[in-house]
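Before any comments, here is the structure.
This is the structure we're talking about:
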């Protein structure tokens with residue numbers, strides 16, 4: 295994956311309007327679904 299954990303947490307916060315420290319689980323995969 296090309297995005298860092300900081301970038302992904304920013305995506306969760308800004309685009310998804312969620313709190314990364316809420317205890318929810320966020321799963322990110324690549325286009326081929328191999329990660």
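In the numbering used here, the protein residues as written are 295 to 329. Yeah, the Cβ is synthetic: ideal placement off N, Cα and C, and Gly gets one too.
Legend entry - For residue 324 and residue 296, the rounded distance between their alpha carbons: 9 Å
Legend entry - Three-way DSSP call (helix, strand, coil) for residue 316 in this model: coil
Legend entry - Pair within 9 Å by beta-carbon distance, residue 302 and residue 320: yes
Inset, instruction - Please report the residue range of the alpha helix (DSSP H) in which residue 328 lies. - result: From DSSP, residue 328 is part of no alpha helix (DSSP H); its letter is neither H nor E.
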